[in-house]
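Input: a single structure, listed below in structure tokens.
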Amino acid sequence: MSIDQSTAAKVAKLARIKVEDDALPALAEEFNNILGFIEQLNEVDVDGVEPMTSVTPQRLKRREDVVTDGDQQPKVLKNAPDAREGFFAVPKVVE
Amino acid sequence: MSDLNKLGLAEARDLQRKGETTSVELTESCLKAIDAADALNAFVHKTPEIALERAKAADARIKGGDAPAMCGLPIGVKDLFCTKGVDSQAASRILEGFKPEYESTVSQQLQDAGAVMLGKLNMDEFAMGSSNETSVYGNAVSPWRRDGSEAELTPGGSSGGSASAVAADLCLAATGTDTGGSIRQPAAFTGTVGIKPTYGRCSRWGVVAFASSLDQAGPMTKSVRDASIMLEAMCGHDAKDSTSAELAVPNFEAMLTGDIKGKKIGIPKEYRMDGMPGEIEQLWADGAAMLKDAGAEIVDISLPHTKYALPAYYVIAPAEASSNLARYDGVRYGHRATLDAGDGITEMYEKTRAEGFGPEVQRRVMVGTYVLSAGFYDAYYNRARRVRTLIKKDFEDVFAAGIDAILTPATPSAAFGLGEMTEADPVQMYLNDVFTVTVNLAGLPGISVPAGLDKQGLPLGLQLIGKPWEEGDLLNTAYALENAAGFVAKPGQWW
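Sequence order for the protein chains is A and B.
Position 67 (the first sequence) corresponds to 50 in my numbering; numbering is contiguous.
Position 394 (the second sequence) corresponds to 523 in my numbering; numbering is contiguous.
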């Protein structure tokens, strides 16, 4: 599987990272190097092998679906780049 | 008493309790050493006020006869741990200025055990790297140099600042984290001890996430005894981490008897890599001979899927990273790009992440995004998770056959020079993790013990891998190896 510039651009878009057009060829080449390395996995016979979901044999713990924390608005907003009137502020989303 | 910063945790603890020194004295000695070591770029946020305040409190507790395990012992904390009110930015520009309103469980437990935080330590950005060269703070530098050379060497990564600080005696010990070898490789490069416990031993809560199914915290120390003291303080169940194990934490230090008679130590043939330097091969053989002399039985074993661990890791870790790092969007914390007129929210995300993430982090996030994207999920991500199952089974099979621990080299070489790998392709750098990454994929405990010097005078480490949850037994085997190897070399002070 070889990655071309348009695929690299698509991946950058999906990852929400701005990549300038002139950086795309080098990026595509890096992807191809890394994916070439990963291709070795195709040598392994994985028929009938379950994909690992948890490395320890424990099941995720469950609890009652109740509120256990909250009322910390100032703390939650403390590190925001732009907080106004108790909200996170962002550029206009809806026209 | 001079040079208190050169003590280990156990020695300092014992001197304090005998009344021969105080936490304030220990802390001041470390703070002085830190201020004189800016050339190492290990401490990137210094917190002397917090340190002295906690040291005074610790001295009061010791005087009152109420001294917990780490009372008054000054340590460094990797920048990956969120520490309340103190910069915690995972060595990334995207978390510039971030001061958490909370404390990570591990650093809180250390604080509760009386430890004194001296400051935050350099690392690779988001723990992605093996040389501490991807940090927004610039490179951390090893205190070690090759004989007759002034070239700056890497302390390893990602916990490079932790390794450098411990090796240079800027602190008594430090926290690290390990996703693919980030505690054990820097420990090996700097002649220090580093243990990654079983997955689930240390809470991940409040530790900036890289690859959640692989990340574990652990101590980086000057001796195996110190590692056992600090690991015990860091471990334990935490309801805030759903993968935290509900298991009692033993007194690890009490398990250090040095007696390993009858233990079966496996030597995996697949770790004998093509092109491995003769010195590493020799060190490994010497280590096996030392354990044999101590009464252990050396057994040749096979871990057949070893070769596929690194490629599986470089699917799974980036995939998890791309998901974890989606949270850095310029909205809730950290850096937000300056926007042009007319830019909408998508431009805000894209510009913020392009400015905030360094090249290696961008690369891994994008590789992760690709392997999780529609059409490739099965071919890459699910296949890698199947291979991971097989890697874990390799270990289960040898442990079921009676092996108690596995001995391997910690790294394929001694520390390399900063900048020496800049032109290499990323895969070359990834090979640093070839002996350590299997342990993360299988969720096992692993420890790196300094075992010798190479012909250029640089430290080399051996790795011991243990059974799940049996850190105590693993530490004891490491203790026997440490005693036999008798590694005492220290870097000459040039900084």
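Don't be surprised by glycine CBs; every beta carbon is placed ideally from N, CA and C.
Exercise. Of all Cβ atoms in chain A, is any one closer than 9 Å to the Cβ of B:MET363?
Worked result: no
Problem set entry | Backbone CA spacing between B:TYR462 and A:LYS58 [nearest angstrom] | Each residue's Cα considered, the two are about 11 Å apart.
Problem set entry | Continuous alpha helix (DSSP H) assignments of at least 4 residues falling wholly in the stretch 446 to 533 of chain B | 474 to 485, 488 to 501, 512 to 529
Exercise. Are any of the Cβ atoms in chain A nearer than 9 Å to that of B:PHE486?
Worked result: Yes, because at least one Cβ of chain A sits closer than 9 Å to the Cβ of B:PHE486.
Exercise. Whole alpha helix (DSSP H) runs in the stretch -5 to 77 of chain A with 4 or more residues, listed along the chain?
Worked result: 7 to 21, 56 to 60
Problem set entry | Where the alpha helix (DSSP H) containing B:PHE318 begins and where it ends | 313 to 319
Exercise. How about B:LYS596 and A:LYS1: do their beta carbons lie closer than 9 Å?
Worked result: no
For this session: Can you pull the chain A residues whose beta carbon is under 8 Å from the beta carbon of B:HIS119, in chain order?
Result: One cannot answer for residue 119 of chain B here, as it falls past the ends of chain B, which runs 130 to 624.
Exercise. Residue range of the alpha helix (DSSP H) that B:PRO541 falls in?
Worked result: B:PRO541 -> no alpha helix (DSSP H), and no H or E assigned at all.
Exercise. Which runs of the beta strand (DSSP E) spanning at least 3 residues fall entirely within the stretch 171 to 224 of chain B, listed in chain order?
Worked result: 172 to 175, 203 to 207
For this session: Taking B:MET359 as part of the alpha helix (DSSP H), name the residues at either end of that continuous run.
Result: 353 to 363
For this session: May I ask which residues mark the beginning and end of the alpha helix (DSSP H) holding B:GLY601?
Result: 600 to 614 is the extent of the alpha helix (DSSP H) around B:GLY601.
Exercise. Taking A:ASP151 as the reference, which of B:LEU202, B:LEU589, B:LYS369, B:ILE223 has the closest Cα?
Worked result: Residue 151 of chain A lies beyond the residue range present for chain A, which begins at -16 and ends at 78; the question has no answer from this structure.
Exercise. Can you find a C-beta in chain B that's less than 9 Å from the C-beta of A:GLN56?
Worked result: no
Exercise. At what residue ranges does the stretch 396 to 454 of chain B contain a whole run of the alpha helix (DSSP H), taking only runs of 4 or more?
Worked result: Taken in chain order, the complete alpha helix (DSSP H) segments of 4 or more residues contained in the stretch 396 to 454 of chain B are 407 to 422, 438 to 453.
For this session: Answer with yes or no whether the minimum CB distance from B:PHE227 to chain A is below 9 Å.
Result: Yes, because at least one Cβ of chain A sits closer than 9 Å to the Cβ of B:PHE227.
Problem set entry | Which residues DSSP lists as bridging B:LEU591, in chain order | Answer is B:PRO538, B:VAL578, bridged to B:LEU591.
Problem set entry | Proximity below 9 Å, CB of B:ILE191 to CB of B:GLN145 | yes
For this session: Answer yes if the stretch 242 to 258 of chain B comes into contact with the stretch 375 to 387 of chain B, meaning at least three C-beta pairs across the two stretches below 8 Å, and no otherwise.
Result: no
Exercise. With a cut-off of 9 Å, does the C-beta of A:ASP65 fall near any C-beta of chain B?
Worked result: yes
Problem set entry | chain B within 9 Å of A:LEU7, Cβ atoms only | Taking Cβ atoms only, chain B never reaches closer than 9 Å to A:LEU7, which makes this a no.
Problem set entry | 9 Å Cβ cutoff met for B:LEU301 and B:LEU155 | Their beta carbons are under 9 Å apart, which means B:LEU301 touches B:LEU155 by this criterion.
Exercise. Are the beta-carbon atoms of B:ALA269 and B:LEU169 separated by less than 9 Å?
Worked result: yes
For this session: Kindly give me the distance between the Cβ atoms of B:MET252 and B:GLY290, rounded to whole angstroms, as I take these residues to be in contact under 8 Å.
Result: 6 Å
Exercise. Candidates B:LEU570, B:LYS207, B:LEU547, B:ILE594: which alpha carbon is nearest B:TRP273's?
Worked result: B:LEU547
Exercise. Taking Cβ-Cβ distances below 7 Å as the criterion, which residues of the stretch 5 to 37 of chain A are in contact with chain B?
Worked result: So the close ones are GLU13, PHE14, ASN16, ILE17, PHE20, ILE21, GLN23, LEU24, VAL27, VAL29, VAL32, GLU33, PRO34, MET35.
Problem set entry | Below-9 Å beta-carbon distance, B:GLN237 vs any chain A residue | no
Problem set entry | N-terminal and C-terminal residue of the beta strand (DSSP E) that B:LEU555 is part of | As written in the sequence, residue 555 of chain B is Pro, which differs from the Leu given in the question. It is not in any beta strand (DSSP E) - B:PRO555 instead sits in the alpha helix (DSSP H) that spans 555 to 559.
For this session: Pull up the distance between the alpha-carbon of A:VAL(-6) and that of A:LEU18, whole angstroms please.
Result: 14 Å
Exercise. Is it right to say A:PRO8 is buried, meaning 16 or more other beta carbons lie within 10 angstroms of its own, or is it exposed?
Worked result: exposed
For this session: Taking a Cβ distance cut-off of 8 Å, strictly less, list which residues of the stretch 409 to 437 of chain B are near chain A, in chain order.
Result: HIS434, LYS436, TYR437
For this session: Take B:TYR457 and list the residues in its own chain whose beta-carbon comes closer than 7 Å to its own, dropping the five residues that flank it on each side.
Result: ILE223, GLY463, ARG482, GLY485
Exercise. What's the C-alpha gap between B:MET495 and B:PRO447?
Worked result: 8 Å
Problem set entry | Range covered by the alpha helix (DSSP H) that runs through B:ALA240 | Note on residue identity: the sequence assigns Gln, not Ala, to residue 240 of chain B. Note, B:GLN240: alpha helix (DSSP H), 234 to 241.
Exercise. Can you tell me whether DSSP reads B:GLN345 as helix, strand or coil?
Worked result: strand
For this session: Report the residue from B:ALA438, B:GLU600, B:TYR443 whose alpha carbon sits nearest the alpha carbon of B:ALA356.
Result: B:GLU600
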